[in-house]
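Heads up: the sequence shown is residues 10 to 198, going by my numbering.
From the three backbone atoms N, C-alpha and C, an ideal C-beta is built for every residue, glycine too.
Take a look at the structure below.
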Amino acid sequence: MIAVGIDVSKGKSTVAILDGDGSIRAHPYEMNHSKAELDALIKYIKAVDDHPIILMEPTSHYHYPVLKAFLDAGLSPSLVNPYLLKKYGDAELRKAKTDKKDAMRIARYALEKWYSLVPYSPMDQKYEDLRFLSSQYRQRISMVVKSKNQLINLLDESMPGITRILALKSRNPEKCMLLQFIKRFHSFD
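Encoded structure:
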């Protein structure tokens with residue numbers, strides 16, 4: 010049994026591999042998210058062990074290429090909540106935080122908690138996609154609200170009282186009377 014700990018970041022990952030007894034099989038090293046490097050890692054893992062424990066910390070959407078490569082190769086990676094890893098790492102005396110130490114911490118966590126790790130499933134992907142879309146939607150709404158507030162502030166300076174006469178309520182700019190008025194008359198003068 011081997012444990013593969015992967016600390017994922019943008020465009021690259023740090024990988025550490027431990028044997029079942031906790032000895033280091035592969036010291037932490039950086040790997041780009043290119044097909045060649047992912048294939049080399051998968052080939053190495055498969056040559057060493059048929060049923061490796063692969064654990065990653067999901068980082069935004071950066072872990073998707075690595076996750077997809079493992080799933081396509083028939084391996085069963087697991088994702089662990091970053092909060093759980095942080096709590097696991099809090100027990101260490103030295104609190105240094107580097108990618109190499111994080112990869113080792115993830116691999117040690119995989120060795121200690123292998124029995125409770127749940128392999129990633131496609132249903133998890135759907136929930137992550139929904140979470141991502143929800144986040145994008147909230148950002149978009151926030152931008153719209155911010156833009157409306159900026160417009161109202163500018164109108165209060167250039168055309169005081171106009172927002173009490175013509176409200177900024179329509180979602181369609183073509184039908185909004187206030188926007189049509191502003192387009193036609195740039196000021197009260």
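{"Asked": "How is the alpha helix (DSSP H) around Asn-41 delimited, first residue to last?", "Found": "No alpha helix (DSSP H) contains Asn-41, which is instead part of the beta strand (DSSP E) from 33–41."}
{"Asked": "Where does Asp-48 land, buried or exposed, given buried means 16+ other C-beta within 10 angstroms?", "Found": "exposed"}
{"Asked": "Give me the Cβ distance between Pro-14 and Met-113, rounded to the nearest whole Å; I'm assuming they're in contact under 8 Å.", "Found": "The residue you asked about is not Pro; residue 14 is Gly in the sequence shown. 6 Å between Cβ atoms; contact."}
{"Asked": "What is the residue span of the alpha helix (DSSP H) that Ala-119 lies within?", "Found": "108–121"}
{"Asked": "Can you tell me which of the three DSSP states Thr-23 falls into?", "Found": "strand"}
{"Asked": "Does DSSP put Gly-98 in a helix, a strand or coil?", "Found": "helix"}
{"Asked": "Residues in its own chain within less than 6 Å of His-42 by CB, not counting five upstream and five downstream?", "Found": "Gly-20 and Pro-74"}
{"Asked": "Is Gln-189 near the ligand ZN, with its Cβ less than 7 Å from a heavy atom?", "Found": "By its list of ligands, the structure shown contains no ligand whatsoever, and the ligand ZN lies outside what it can speak to."}
{"Asked": "In this structure, does DSSP put Val-154 in helix, strand or coil?", "Found": "helix"}
{"Asked": "Under the DSSP definition of a beta bridge, which residues are partnered with Val-17?", "Found": "Ser-22"}
{"Asked": "How is Leu-88 classed by DSSP in three states: helix, strand or coil?", "Found": "strand"}
{"Asked": "Nearest CA to the CA of Lys-55: which residue from Pro-86, Tyr-124 and His-72?", "Found": "Pro-86"}
{"Asked": "Suppose contacts are defined by Cβ-Cβ distances below 8 Å. Is Arg-117 in contact with Leu-27 by that definition?", "Found": "yes"}
{"Asked": "Based on the DSSP secondary-structure assignment, which residues constitute the bridge partners of Leu-64?", "Found": "Gly-14 and Ser-87"}
{"Asked": "Give me the Cα-Cα distance between Gln-134 and Leu-177, rounded to the nearest whole angstrom.", "Found": "39 Å"}
{"Asked": "Which residue comes first and which comes last in the alpha helix (DSSP H) that contains Asp-81?", "Found": "73–81"}
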